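>
Numbering (my numbering), first residue to last: 24 to 162.
1) Please classify residue 125: is it buried, with 16 or more other beta-carbons within 10 angstroms of its beta-carbon, or exposed?
2) For residue 181, count the other beta carbons within 10 Å of its own beta carbon; 16 or more makes it buried, fewer makes it exposed. Which is it?
3) Heavy atom of the ligand HEM less than 7 Å from the Cβ of residue 72, yes or no?
4) Just verifying my parser: in three-state terms, what is the DSSP assignment at residue 121?
5) Could you tell me the distance, in whole angstroms, from the CA atom of residue 60 to the CA atom of residue 79?
6) Can you grab the Cα-Cα spacing for the pair residue 62 / residue 135, in whole Å?
7) Following the continuous beta strand (DSSP E) through residue 107, name the residue where it begins and the one where it ends.
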């Protein structure tokens, strides 16, 4: 099934221009959309709903593309992004095992933690819903 920007815009109840800007921010403009691209767009929007500004959400999704690919491959895969603050700079540190997450939090107990597997799961559900609606419309 070929997903277009217009389909994403309808699913997100926004304009095609907004979707175009999101894709440009994800460095995927003027290219055919893949399943991972759609998941990354939905993840960016979900992160915005959790209070991250668009620029921060785009930066996080771009920095952790491999991790989003990992959690999107299998619903049992887990990954967390621990936001480490070092002076004036903040950066995400991925943790793919609960033990790794615990060790990061023992060093930086006040760090913000984002469950990427939860974000990716919601994004995958939205993509599945969009695909089902599109297939039903084409049937």
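For every residue, glycine included, the Cβ atom is placed at its ideal position computed from N, Cα and C. In this text, all values refer to a predicted model and were calculated from it rather than measured experimentally.
Inspection of the coordinates gives the following:
1) Here residue 125 refers to the residue found at position 102 of the chain shown. That one is exposed.
2) Summary: the structure shown does not reach residue 181, with the chain confined to residues 24 through 162, and so no result is reported for it.
3) Looking at this structure, you won't find the ligand HEM or any other ligand, since it has none at all.
4) What you label residue 121 is simply residue 98 of the chain shown in a count that begins at 1. Three-state DSSP puts residue 121 in a helix.
5) The sequence position of residue 60 within the chain shown is 37, counting from 1. The sequence position of residue 79 within the chain shown is 56, counting from 1. Spanning the two alpha carbons is a distance of roughly 17 Å.
6) Position 39 of the chain shown, counted from the first residue, corresponds to residue 62. Position 112 of the chain shown, counted from the first residue, corresponds to residue 135. Computed Cα separation, rounded: 22 Å.
7) Translated into the one-based positions of the chain shown, residue 107 becomes position 84. Unbroken beta strand (DSSP E) run through residue 107: 103 to 109.
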